[in-house]
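Below: the structure, in structure tokens.
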Amino acid sequence: MTGWEAAVLDGGPADGVRMKVSGRPRVIQVTHPCQVDDAPPGVHAEAVYLYRRDYTVTGEPLRYGFDVASP
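In this text, residue positions in the sequence shown follow my numbering: the first is 101, and each later residue adds one.
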């Protein structure tokens with residue numbers, strides 16, 4: 101396992117977000133809360149966005165590109 105490395109998200113709703121990742125994950129999942137109408141107590145909805153690692157980038161910051169086809 102590698103230590104913490106800088107990474108940046110490219111494209112999509114989280115474009116430009118920077119973070120630290122450990123172990124060079126293949127996919128980063130980003131969620132964003134959605135407003136719900138008349139939901140029972142405790143029910144919530146979140147939009148899910150996936151970012152896939154760009155394997156052509158081997159140094160920091162690692163890059164993760166928005167996957168428009170997911171999920």
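Where is the CB? At the ideal position from N, CA and C, for every residue including glycine. Values in this document were obtained by computation on a predicted structure and should not be read as measured data.
Run the CB neighbour count on Y155, radius 10 Å, all protein chains shown included, and call it buried at 16 or more, exposed below. exposed
Relative to the alpha-carbon of Q135, which residue among A145, M119, I128, R126 has its alpha-carbon at the smallest distance? A145
Would you mind reading off the limits of the beta strand (DSSP E) that contains R163? 162-166
Between the C-alpha atoms of P125 and R153, what's the straight-line distance to the nearest angstrom? 7 angstroms
In chain order, what are the residue ranges of uninterrupted beta strand (DSSP E) at least 3 long that sit wholly in the segment 119-153? 127-134, 145-153
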